[in-house]
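J.: Residue numbers for the sequence shown follow my numbering, beginning at 366 and rising by one. Every residue gets a Cβ at the ideal spot worked out from N, C-alpha and C, and that includes glycine.
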Amino acid sequence: MMRILLAICLTLAAAWAGYWFIGSSAMKSGVAAWFDAREADGWVAGYDELTVQGFPSRFDTTLTAPRLSDPVTGLGWEAPFLQLMTLSYTPNHVIGIWPNTQRLSGSEGAYTLTSTDMRASLRVDASTALAPRRATLTAEGVSILAETAPEAEALSMAALRLAAERLEGAEARYHLGLAAQDLAPPASVMAMLDGAGGDAPPRVIESLFIDATADFTAPFDRAALEGARPQPVRIDLARASANWGAMALELSGALDIDASGMPEGDMTLTANGWREMLQIARASGAITPDIAATAEQALTMMSGSDGSLNVPLRAAQGRIWLGPLPIAPAPVLRLQ
366 MMRILLAICL
376 TLAAAWAGYW
386 FIGSSAMKSG
396 VAAWFDAREA
406 DGWVAGYDEL
416 TVQGFPSRFD
426 TTLTAPRLSD
436 PVTGLGWEAP
446 FLQLMTLSYT
456 PNHVIGIWPN
466 TQRLSGSEGA
476 YTLTSTDMRA
486 SLRVDASTAL
496 APRRATLTAE
506 GVSILAETAP
516 EAEALSMAAL
526 RLAAERLEGA
536 EARYHLGLAA
546 QDLAPPASVM
556 AMLDGAGGDA
566 PPRVIESLFI
576 DATADFTAPF
586 DRAALEGARP
596 QPVRIDLARA
606 SANWGAMALE
616 LSGALDIDAS
626 GMPEGDMTLT
636 ANGWREMLQI
646 ARASGAITPD
656 IAATAEQALT
666 MMSGSDGSLN
676 VPLRAAQGRI
686 WLGPLPIAPA
696 PVLRLQ
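#1: With a threshold of 16 other CB atoms inside 10 Å of the CB of Y412, please say whether the residue is buried or exposed.
#2: Between the Cα of S668 and the Cα atoms of A636, Q644, I656, which residue gives the shortest distance?
#3: Sort L532, T665, A657 by Cα distance to L580 and report the nearest one.
#4: If you draw a straight line from the C-alpha of H540 to the C-alpha of L664, how long is it?
#5: Is there contact between the segment 537-553 and the segment 514-527, where contact requires at least three CB pairs shorter than 8 Å?
#6: Between V569 and A552, is the Cβ-Cβ spacing less than 8 Å?
#7: Let me know the secondary structure DSSP gives P654 once reduced to three states.
#8: For a minimum of 3 consecutive residues, which ranges assigned as the beta strand (DSSP E) are wholly contained in the segment 394-473?
#9: Shortest alpha-carbon distance to L452 belongs to which of M392, R604, M557?
#10: Strictly by DSSP, which residues pair up with T633?
#11: Please state whether the Cβ-Cβ distance between E443 and R403 is less than 8 Å.
#12: Can G626 and L698 be called in contact, C-beta distance under 8 Å?
#13: Do P445 and V408 have their beta-carbon atoms positioned less than 8 Å apart in this structure?
#14: Given a threshold of 16 other Cβ atoms within 10 Å of its Cβ, counted over all protein chains shown, does G650 qualify as buried or as exposed?
#15: Could you give the distance in angstroms between the alpha-carbon of E518 and the alpha-carbon of T455?
#16: Over what stretch of residues does the alpha helix (DSSP H) that includes Q644 continue unbroken?
#17: Using the rule of at least 16 other Cβ atoms within 10 Å of the residue's Cβ for burial, across every protein chain shown, is Q426 buried or exposed?
#18: Against chain D, does P464 count as a neighbour if the rule is that its beta carbon must be under 8 Å from one of theirs?
#19: Report the three-state DSSP secondary structure of E530 (helix, strand or coil).
#20: Count the other CB atoms within 10 Å of the CB of I387; is the residue buried (16 or more) or exposed (fewer)?
#21: Report yes if the C-beta distance between I645 and A693 is below 8 Å; otherwise report no.
#22: Does DSSP put T582 in a helix, in a strand, or in coil?
#23: Give me whichever residues DSSP pairs with P497 in a beta bridge.
#24: Excluding the 5 residues preceding and the 5 following T501 in the sequence, name in chain order all residues of the same chain whose CB lies nearer than 6 Å to its CB.
#25: Run through the DSSP bridge pairs and tell me what D601 is partnered with.
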């Protein structure tokens, strides 16, 4: 009896070892083939070394010195390493770990991204399209700095959380979330606000939060990374909020987005400390002094006795409107 049990155990162990070696080889060849395909498409795509370890229960893939650059968008990324880890019995759930320093590049220049910890979790469909079902990213001690700028010009935050989940019944609709804590703007921005008159805002934006559902032209699957990016066509904003000292801002509403990325729709803005916000918008050049003065008069009449504000806004014709008054240019919502 013991011999039979031993034989069964040895057979199962050999079968599992065979599965792991086949799986690890497939993982390694799949990653290598993807980089080769990007290079054939004209990308800068490569790495110094590719290894898969973790026997018997994991596939731990490590890329040494990976580098990617898309010639169409001009976006590029490189890092000392990238680790992709998955349990061998759930290969469609991947954990990614990034190094403390990464380099990003784009049409406006190159940037250094640093963090004390950055990792992500990704669950994809078990198909060749690798369409994500759910993804989260967490990062601590984040800082981004242009390579040509002094260290004081870094934008930093204590913590960042990003999440996305594809909604059932719609292949290109996603529930999106963002939460950031203790954002510190660059020193030049704070210096500009300090010289704008009035009380200067605190050095740190305590929190930033976004909860939204977005529809896109196509799902974010393997084809989206290899070809044209899906573009947003509608955003239902449940809540976007920010807290910065005495200023508190909350925005909600729905926007339809045309092919050029221009939004159109109605929103509701709730604000405390709106005069300080207006001062910041004027100092940053987001609005002209004339528009700021007109907006202040209108908002004074619309604000409550406690100074709070609850007003409807509309995005249309490339602008954000407060009633008949254009108060800011509308953002262009396009993904590169």
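T.: Reading it off the structure:
#1: On the sequence shown, residue 412 is found 47 positions in, with the first residue counted as 1. Its Cβ being crowded by 16 or more others within 10 Å, Y412 is buried.
#2: Translated into the one-based positions of the sequence shown, residue 668 becomes position 303. Per the Cα distances, A636.
#3: Sequence index remark: in the sequence shown, residue 580 carries index 215 (1-based). Per the sequence presented here, residue 580 reads as Asp, with Leu not at that position. It is L532 whose Cα lies nearest to the Cα of D580.
#4: As a first step, residue 540 is located in the sequence shown; it is residue number 175 there, counting from the start. As a first step, residue 664 is located in the sequence shown; it is residue number 299 there, counting from the start. Each residue's alpha carbon lies about 33 Å from the other.
#5: yes
#6: In the sequence shown, residue 569 corresponds to position 204, counting from 1. In the sequence shown, residue 552 corresponds to position 187, counting from 1. No, the Cβ-Cβ distance between V569 and A552 is not below 8 Å.
#7: Position 289 of the sequence shown holds residue 654. Here P654 sits in helix by DSSP.
#8: Whole beta strand (DSSP E) segments, 3+ residues: 409-411, 414-418, 423-429, 432-434, 441-443, 446-452, 458-462, 466-471.
#9: Here residue 452 refers to the residue found at position 87 when the sequence shown is read from its first residue. When only C-alpha atoms are compared, the closest one is M392.
#10: Position 268 of the sequence shown, counted from the start, is the residue given in the question as residue 633. Answer is S617, P677, bridged to T633.
#11: Within the sequence shown, the letter at position 78 stands for residue 443. Within the sequence shown, the letter at position 38 stands for residue 403. Contact: no.
#12: Indexing the sequence shown from 1 puts residue 626 at position 261. Indexing the sequence shown from 1 puts residue 698 at position 333. Yes.
#13: To locate residue 408, count along the sequence shown from 1; it is residue 43. To locate residue 445, count along the sequence shown from 1; it is residue 80. Note that residue 408 corresponds to Trp in the displayed sequence, not to Val. No. Outside cutoff.
#14: Along the sequence shown, read from residue 1 onward, the residue named residue 650 stands at position 285. Under this definition G650 is an exposed residue.
#15: Within the sequence shown, residue 518 is the residue found at index 153, counting from 1. Within the sequence shown, residue 455 is the residue found at index 90, counting from 1. Approximately 43 Å, taken between the alpha carbons.
#16: Residue 644 sits at position 279 when you count from the first residue of the sequence shown. Its alpha helix (DSSP H) spans residues 639-649.
#17: Translated into positions along the sequence shown, residue 426 becomes position 61. Here residue 426 is Thr; the residue named in the question, Gln, does not match the sequence. With at least 16 other beta carbons inside 10 angstroms of its own, T426 counts as buried.
#18: This model lacks chain D altogether; it includes just one protein chain.
#19: In the sequence shown, counting from the first residue as 1, residue 530 sits at position 165. In this structure, E530 counts as strand in the three-state DSSP scheme.
#20: Position 22 of the sequence shown, counted from the start, is the residue given in the question as residue 387. In the assembly as shown, I387 is an exposed residue. Its beta-carbon has fewer than 16 other beta-carbons within 10 Å.
#21: Here residue 645 is taken as the residue at index 280 of the sequence shown, counted from 1. Here residue 693 is taken as the residue at index 328 of the sequence shown, counted from 1. Pairing I645 with A693 gives a Cβ-Cβ distance that is not under 8 Å.
#22: In the sequence shown, the residue the question calls residue 582 occupies position 217. DSSP places T582 in coil when its eight states are reduced to three.
#23: In the sequence shown, counting from the first residue as 1, residue 497 sits at position 132. The partner list for P497 (beta bridge, DSSP) reads V489.
#24: For this step, residue 501 is matched to residue 136 along the sequence shown. For T501, where only same-chain residues beyond five positions count, the Cβ hits under 6 Å are S486, A528.
#25: Stepping through the sequence shown from its first residue, residue 601 is reached at position 236. Bridge partners of D601: T578, A619.
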